[in-house]
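What follows is a set of notes on a single structure, which appears directly below.
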Amino acid sequence: MDHFDLVDGELHAEQVSLTALAAEVGTPVYIYSTATLTRHYTVLREALDAHPSVLGDSLIAYAVKANSNLSVLATLARLGCGADTVSEGEIRRALKAGIPADRIIFSGVGKTDAELAFALQAGVRQINVESVPELDRLAAIAAGLGVVADIAIRVNPKIGAGGHAKITTGGEGDKFGVPADEALDLYARAAASPHLNPVGLGCHIGSQITDLTPLEGAFGLLRKLTETLRQQGLPVTRIDLGGGLGVPYVGGAVTASPADYAAMTARVLDGLDVEAAFEPGRLLAANAGILLARVIQVTERADGRRFLVLDAAMNDLLRPAMYDAFHEVKPVAPREGEPVAYDIVGPVCETGDTFARGRLLPPIQAGDLVVFTGAGAYGATMSSEYNSRPLVPEVLVDGERWAVVRARPSYDEMLARETTADWL
Ligand code: LLP
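Mind the numbering: the sequence shown is residues 1 to 424 in UniProt numbering, read in order.
The structure is reproduced here in structure tokens:
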């Protein structure tokens, strides 16, 4: 569910007219809905709280990579949300947005020494260690700083899942995590270090997962490993279940609900007496954001093929080019008339800059506004300046009010970041 609806024949973000917004801010622009973000967080929180003895004190650590805008993070911070981070930059963003360090998890397959030191000094809740060399580097860094690092071991459960091969992370050949048997050894090795405090296990098997079966398999493995470690006398107090729950990109699409997900998790962890953490990104942010674009022109070929050429491109929303991802496209002010099939493209000089082929839409004219829905996660965060197109701006809406929360850089600002080498 979202808060982007037609009001008097024209799409609004909550109570804000998209036509008015486009006139003031220009296009392309990302627009986020506070009410939708809040709703998504609350639905998940309530689903978890429905199992108070198992998940009542669980942490929702929002995966910052999905949408790292400071205002989005601050909105979630006010709801009590934590953060899952994968770089110093993301930790800095989470802290700046008001997320307390003890709710910040630091994950990732290749954390640098400098980033590990930064995380330790910031006092993050836990560092999810993914490999033997990382564990040894972290122990040395913690020793140098005179601190003890709370860590979890990320397990590679050999169960991959997700909406596309490129976003599946739990498979045997994937670069993430430590195989189960090695994880047990690594845990013991951490426990033996005076500078490491192993607190738990974690996993994250993929993204846009619509069926709970693979998640249940991975969570069950974490449970088994927890029991084994405890039998060996090693305490395990936390389990990090990662993110990955899919969202409907099209109205009516069937995905596992947060309630089913919470019920499954509670069933698997029942009686284990651990503090659970969840790292949802897409679930909270995807349908809380749209990309608003204007039609530059409609090009009609003699063979009848019609191209809708937008002022948004693959550099602004990469997912269709990168993962063949489907995003619904809707006109802001739908015109009367029979639907027409359009190939929807951007101005970038690659055929990959094609958002959709043969998409049926109401008739569209040059100058019309359209939106891509489901663009709140992995939209702006994956954008670039490819083709020297200034970075797409972002707007946050809350009821009737709205604010530009990342401004569109001017061409001068874009060029000012570079210098010409002094011998030129
Ligand atoms: N935790 C970890 C360790 C992760 O690597 C990720 C996502 C998440 C949590 C959040 O997953 P989510 O709940 O959002 O599925 N760019 C791709 C998605 C990449 C996801 C990478 N890891 C896309 O646009 O579909």
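Note that the Cβ used here is the ideal one computed from N, Cα and C, for glycine as well.
Inter-residue spacing [alpha-carbon to alpha-carbon] between residue 93 and residue 334:
Here the alpha carbons of residue 334 and residue 93 stand approximately 38 Å from one another.
Problem - Stretch pair the segment 79 to 94 + the segment 47 to 65: three plus CB contacts closer than 8 Å - result: They touch, by the three-pair rule.
Considering Cα atoms alone, identify which of 314, 331 and 332 is closest to residue 324.
The alpha carbon of residue 324 has as its nearest neighbour, out of 314, 331 and 332, the alpha carbon of 314.
DSSP three-state label for residue 65, please. For residue 65, the three-state secondary structure derived from DSSP is helix.
Is residue 195 helix, strand or coil by DSSP? Coil.
**Message:** Quick test of your reading: residue 200 and residue 136, contact by CB under 8 Å. State the CB separation rounded to the nearest angstrom.
**Reply:** The distance from the Cβ of residue 200 to that of residue 136 is about 19 Å, inconsistent with a contact at the 8 Å cut-off.
**Asked** Can you name, in chain order, every residue of its own chain whose Cβ lies under 8 Å from the Cβ of residue 74, other than the five neighbours on each side?
**Response** So the qualifying residues of the chain are 97 and 98.
Assuming the contact rule is C-beta atoms closer than 8 Å, residue 390 and residue 25 should be a hit. Round their C-beta distance to whole Å, please. Not really, about 13 Å apart at Cβ, beyond 8 Å.
Original post:
Looking at C-alpha atoms only, which residue of 132, 344, 207 and 204 is the closest neighbour of residue 320?
Top reply: The candidate whose alpha carbon is nearest that of residue 320 is 344.
Given the structure, does residue 204 come close to the ligand HEM, in the sense that its CB is under 7 Å from one of the ligand's heavy atoms?
The ligand HEM is not among the ligands present in this structure, which contains only the ligand LLP.
> Can you tell me where the alpha helix (DSSP H) with residue 331 in it begins and where it stops?
Replying inline: First-last for residue 331: 329 to 331, but that is the beta strand (DSSP E), not the alpha helix (DSSP H).
Handout entry: For residue 29, the nearest candidate out of 373, 253 and 160 (CA to CA)
Key = Here the closest residue by C-alpha is 373.
Comparing the CB of residue 237 with every heavy atom of the ligand LLP, is any distance shorter than 7 Å? For the ligand LLP, not one heavy atom lies less than 7 Å from the Cβ of residue 237.
Quick check: the segment 8 to 21 against the segment 228 to 246, are there 3 or more CB pairs under 8 Å? Contact annotation: the segment 8 to 21 does not touch the segment 228 to 246, with fewer than three C-beta pairs closer than 8 Å.
Report task. Work out the CA separation of residue 158 and residue 206 for me, nearest whole Å. Result -> For residue 206 and residue 158, the distance between alpha carbons rounds to 11 Å.
Residue 258 beta carbon less than 8 Å from that of residue 47:
Closer than 8 Å, so yes.
Top-ranked residue by Cα proximity to residue 272, from 224, 293 and 299: Closest by alpha carbon: 224.
Which runs of the alpha helix (DSSP H) spanning at least 4 residues fall entirely within the segment 205 to 280, listed in chain order? You should have 213 to 231 and 258 to 269.
* Under 8 Å between the Cβ atoms of residue 266 and residue 221? -> With respect to the 8 Å criterion, residue 266 and residue 221 are not classified as neighbours on the basis of their beta carbons.
Original post:
By Cβ distance below 6 Å, which residues in the same chain neighbour residue 183 in space, the five residues on each side in sequence not counted?
Top reply: Closer than 6 Å at the Cβ level, and outside the excluded window around residue 183, lie 153 and 155.
inquiry  = For residue 76 and residue 252, I'd like the C-alpha separation in whole angstroms.
reply    = Cα to Cα, the separation comes out at about 26 Å.
Requested in this report: Give the C-beta separation of residue 79 and residue 283 to the nearest angstrom, bearing in mind that I take them to be a contact with Cβ-Cβ under 8 Å.
Outcome: Contact doesn't hold; Cβ gap of about 14 Å is too wide.
Backbone CA spacing between residue 20 and residue 353 [nearest angstrom]:
Their Cα atoms are separated by approximately 27 Å.
Whole angstroms are fine: how far does the CA of residue 367 sit from the CA of residue 357?
One C-alpha to the other measures close to 20 Å.
**Asked** With a CB to CB cut of under 8 Å and the five nearest residues on each side skipped, what residues in its chain are close to residue 118?
**Response** The beta carbon of residue 118 lies closer than 8 Å to those of 88 and 91 in the same chain, with the five residues before and after it left out.
Notebook entry, point to check: Looking at the structure shown, is residue 30 part of a helix, part of a strand, or coil, going by DSSP?
Noted result: For residue 30, the three-state secondary structure derived from DSSP is strand.
*Quick one: Cα of residue 123 to Cα of residue 70, how far?*
Separation of residue 123 and residue 70 (C-alpha to C-alpha, rounded to the nearest whole angstrom) is 20 Å.
inquiry  = Looking at the secondary structure, which residues open and close the beta strand (DSSP E) in which residue 305 lies?
reply    = Counting along the chain, residue 305 sits inside no beta strand (DSSP E), nor does DSSP assign it H or E at all.
- residue 228 versus 142, 185 and 95, residue with shortest Cα-Cα distance: Selected option, being the one with the closest Cα: 185.
Look up residue 123 in the DSSP assignment and say whether it is helix, strand or coil.
In this structure, residue 123 counts as coil in the three-state DSSP scheme.
Residue 317 - DSSP class collapsed to helix/strand/coil:
Secondary structure of residue 317 (DSSP, three-state): coil.
Roughly how many angstroms lie between the CA atoms of residue 408 and residue 362, to the nearest whole one? A straight line joining the alpha-carbon of residue 408 with that of residue 362 spans about 30 Å.
* Asked: Three-state secondary structure (DSSP) at residue 378?
  -> Of the three classes helix, strand and coil, the one that applies to residue 378 here is coil, per DSSP.
| field | Close Cβ partners of residue 131 (< 7 Å) along its chain, the five nearest in sequence each way excluded | value | For residue 131, where only same-chain residues beyond five positions count, the Cβ hits under 7 Å are 178.
Check your understanding: Where residue 316 and residue 243 are concerned, what is the direct C-alpha to C-alpha distance, given to the nearest angstrom?
Key -> Taking the straight line from one Cα to the other gives about 24 Å.
Legend entry - For residue 142, the first and last residue of its enclosing beta strand (DSSP E): Looking at the DSSP string, residue 142 is not in any beta strand (DSSP E); the run it does join, the alpha helix (DSSP H), is 132 to 145.
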